[in-house]
Each structure stands twice: as C-alpha cells, then as structure tokens.
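Quick note on numbering: full-length UniProt numbering labels position 48 of the sequence shown as 48, and the sequence is numbered without any gaps.
Virtual Cβ for every residue (Gly too), placed ideally from N, Cα, C.
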Amino acid sequence: MASSSLLQLCLIFVVFGSAVAQLSENYYAKSCPQVKSIIEDEIRQTLKKEPGMGGSLLHLHFSDCGIGGCDGSILLDDTPNKSGEKSSFINANSTWGYEVIDRIKARLEKTCPGVVSCADILASAARDSVVTLGGPAWPLPLGRRDSTEPHKMLTDALGFLFNAKLPALIMAFKQKGYTTEEFVALIGSHTIGRARCLTFRKHIYDDKNIDPAFAKAMQAHCPKVGNNSERIPIDSTTPYVFDNAYFKNLLKQKGLLGIDQELYTGKGGITDAIVANYSSNQDNFFKQYVTAITKFGQTGVLTGTKGEIRTNCRKVNAPKF
C-alpha cells in the first residue's frame, strides 16, 4: 500500500460498498485463454525491475474497490469536462502503477481486443503481485466490467473517514460480516507497501509508541520540513517480500504509520493478540488474508450489461452511433 492508509480505504469500502456479484474463474476460458499468462508475465517482468511496484499495484486495487466497487474507475484520467478519482486529494500523489496496467491492457488488446476489462486486470495484477513477492494465491473469479463514470464526488466527500479510529474501523467491518482477524490480515498488505514522508512524519517525531532508534533512522529519510513525497517501505525488514515481518515489526514498536502501530499496543489492546499470532504464525496470517481479500475483490463489481469493456483503461469508449 502507499501513502493513504489501507485501514481508511477499507472503511470506505465497508460503509459504501455494494453487494457481491456472481463472477467465474473460467470467464475468459474461450474468449481470451491467454489472459492469465499475459498478466502473470507482465507482473514478473515489472517486479524484477522494480519490486516496490508490487505494493503499489495492490494499493491501486484497494483504491479502486474502496469507492464505488471494483470497477476500474480509479484508472480514468481527468478530462476537460470531468475530473477523475486520480486527482482527488486521497489519491493524488498516493497511487502508482497506472503505466503497468496500460502495458498489460495493450498486450491483451493485441491478443483479444475488447474482451478483458480493466477492472479484472487490476484485480489480477494485485493477486499476481502478492504471489510473485512470496505471498499466498487466492481464488480470482473474473467477469468484472468497467465503469463509464469516475466516482470523484464520492471520493472527495468521504475524505473525512480518513480520520477514523481503530475501534470504528473494526466495528464497520464486523457489520459487513468480517471478523477482526480478517480485518487485521488485510492491513497486513502493508508488508509490501511504501509510504510518503508526509503520512508518517508525525508518528516518527511526536508519538511515544515507537522505538527511538527506529524513529531516528526514519527521520533520516523524512526531515521535519520538506521531502513530503519521499517514499520508503512500511516494512523495514523485508520490504519486498510478502510475509509476516510487518507484524513482527509492530511487536518491536517499529510500525511506520501511526495507524499501523495502533494495531499493537503491548498493553492488551483489541488487536494485540491477533498481531502476536500473525507474527509467530505466517500460515494463519495467509489463511485469513486469502479469505478476506477474496471477498473484498468481489464487492461492488459491475457484471452483465452494466458498464463496458474499455479498450483504453484511461478513458471511456467512444459512443457508437
């Protein structure tokens, strides 16, 4: 994940996401059987050159699903007449990886033009990024269609939710049928994420629930003034491996974002036991993660005749006359 916290992105999803629709793992079996191999190949090539892009692509998937559902709307560029989600204050300078999706889409358009949706590409790229970096695979039914409208107004309007506290986030998830274990597992996506100096400055300078040596090391990357856009890995131990090191770091008070460290207080906090369990048992973390992200990636999707299959992920298709 990147500079905006996955915790708050998830809250927006939980409060405003719509129902899960019917998708199929064999959706492209006849229309584009090469889709899986093409996306996997492009992700492998990308992460070999820039492993940090894995977290960015995962974050991009969450950003897309977080508001309005997993419909590829985050990919739409601004136009002279309409602003997109990219320019919203919660996404501007916080989401990366658009050019990777463009490359995948270009290859698919050559192989099976007008068939594979941008929303499915996003979901697949996120899953393949996690797998390529050592994380678990999960079932990925496909068949999402692309939105013809960005959700800019909704994105801006929901910015206030980014100040939500941990108990409110957990409660919101429970109301949608997620266990606290699943909630914490989703936040484990930060194990391959990067964050901007602007988002963790307060934590490393002002908060007390942080290891002093770790805080000092992070201050070298993030001065009190300036370097706002400097990005560093959230997991300082194994930044480009999807594992449980993120949770191990929390036990040592080495959470980069303040909201990360709230997950573990060491004083019997509401998620302390879960963090401790995931830090010592990676299999448990992976199991809960697979359950949670499988559900997350199927929420609010467009299917059937809703939306369209964009030929260019950055803009809606030209009208047909």
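With a Cβ-Cβ cutoff of 8 Å, do residue i and residue j count as a contact?
i           : j      : result
Cys307      : Thr148 : It is Gly, not Cys, that sits at residue 307 in the sequence shown. The answer is yes: Cβ separation under 8 Å.
Gly97       : Leu133 : no
Pro150      : Glu85  : yes
Tyr246      : Ile232 : no
Ile259      : Ile170 : no
residue 326 : Asn228 : The structure shown has nothing for residue 326, since the chain only spans 1 to 321.
residue 322 : Ala137 : Residue coverage of the chain in this structure runs from 1 to 321, which leaves residue 322 outside it and unanswerable.
Gly300      : Gly68  : yes
Asn244      : Phe285 : yes
Lys152      : Ser83  : yes
Check each candidate in the options and name the one with the smallest Cα separation from residue i.
i      : options                           : result
Ile101 : Ala92, Cys118, Ser88 and Lys110   : Cys118
Asp41  : Arg127, Ile210 and Lys82          : Arg127
Ser24  : Ala318, Pro167, Pro113 and Gly297 : Gly297
Tyr178 : Thr294, Ser37 and Asn244          : Thr294
Tyr27  : Asp120, Asp243 and Leu57          : Asp120
Val202 : Leu57, Asn317, Val225 and Pro167  : Reading off the sequence, residue 202 comes out as Lys, not Val. Closest option to Lys202, Cα to Cα, is Val225.
Leu257 : Gly54, Lys36, Gly68 and Gly193    : Gly193
Ser94  : Leu58, Ala164 and Pro80           : Leu58
Phe183 : Leu263, Leu75 and Ile43           : Leu263
Phe141 : Ala157, Leu122 and Met153         : Checking the displayed sequence, the identity of residue 141 turns out to be Pro instead of Phe. With distances taken between Cα atoms, Pro141 lies closest to Leu122.
Glu50  : Ala220, Gln22, Ser129 and Asn91   : Ser129
Thr199 : Val116, Gln34, Ile90 and Thr79    : Ile90
Thr311 : Pro139, Ala172, Val115 and Glu230 : Val115
Taking the straight line between their C-alpha atoms, what separation do you get for residue i and residue j?
i      : j      : result
Thr305 : Leu108 : 21 Å
Cys313 : Lys30  : 22 Å
Lys315 : Asp146 : 10 Å
Pro113 : Gln45  : 22 Å
Cys197 : Gly143 : 38 Å
Ile104 : Ile38  : 7 Å
Thr52  : Ala195 : Looking at the sequence itself, residue 52 is Gly, so the reference to Thr does not match. Each residue's Cα considered, the two are about 11 Å apart.
Ser73  : Ser279 : 35 Å
Met218 : Ile204 : 7 Å
Thr265 : Lys174 : 21 Å
Asp77  : Ile309 : 16 Å
Phe32  : Ser88  : According to the sequence displayed, residue 32 carries Cys and not Phe. If you take the alpha carbons of Cys32 and Ser88, they lie about 34 Å apart.
Lys216 : Thr180 : 32 Å
Thr303 : Cys70  : 11 Å
Gln282 : Val241 : 13 Å
Thr111 : Ala185 : 36 Å
Gln261 : Leu47  : 28 Å
Cys222 : Asn81  : 38 Å
Gly55  : Pro239 : 9 Å
Lys36  : Gly268 : 44 Å
Lys320 : Ala106 : 22 Å
Ala157 : Leu75  : 19 Å
Phe16  : Ala168 : Note that Phe16 scores 48 on pLDDT, short of 50, meaning its location in the model is unreliable and no value can be drawn from it.
Lys176 : Ala213 : 39 Å
Gln34  : Ala220 : 46 Å
Glu230 : Thr79  : 28 Å
Ala172 : Ile43  : 33 Å
Phe139 : Ala92  : Note that residue 139 is Pro in the sequence shown, not Phe. If I take the Cα positions, the gap works out to 31 Å.
Going by DSSP, what residue range makes up the alpha helix (DSSP H) through residue i?
i           : result
Arg107      : Tyr98 to Thr111
Ala217      : Pro212 to Gln219
Glu245      : Per the sequence shown, the amino acid found at residue 245 is Ala instead of Glu. Here the alpha helix (DSSP H) through Ala245 covers Ala245 to Leu251.
Tyr289      : Gln282 to Phe296
Pro167      : Leu166 to Gln175
residue 365 : Nothing about residue 365 can be reported from this structure: the residues present for the chain run from 1 to 321 only.
Cys118      : Cys118 to Thr132
Arg314      : Looking at the DSSP string, Arg314 is not in any alpha helix (DSSP H), and its letter there is neither H nor E.
Ser236      : It is not in any alpha helix (DSSP H) - Ser236 carries neither H nor E in the DSSP assignment.
Thr46       : Val35 to Lys49
Asp260      : Gly258 to Gln261
What first and last residue would you give for the beta strand (DSSP E) that runs through residue i?
i      : result
Ile232 : Arg231 to Pro233
Ala185 : Looking at the DSSP string, Ala185 is not in any beta strand (DSSP E); the run it does join, the alpha helix (DSSP H), is Thr180 to Ile187.
Ala157 : Not the beta strand (DSSP E): Ala157 falls in the alpha helix (DSSP H), residues Lys152 to Ala157.
Arg194 : Arg194 to Arg196
Please check if any C-beta of chain D sits within less than 8 Å of the C-beta of residue i.
i      : result
Asn317 : This model lacks chain D altogether; it includes just one protein chain.
- Query: Is the segment 284 to 303 touching the segment 185 to 201 in the sense that three or more CB pairs, one from each, lie closer than 8 Å?
  - Reply: yes
- Should the segment 55 to 65 be regarded as contacting the segment 258 to 277, the criterion being three or more beta carbon pairs within less than 8 Å? no
- Query: If you pair each beta-carbon of the segment 249 to 263 with each one of the segment 201 to 209, do three or more pairs fall below 8 Å?
  - Reply: yes
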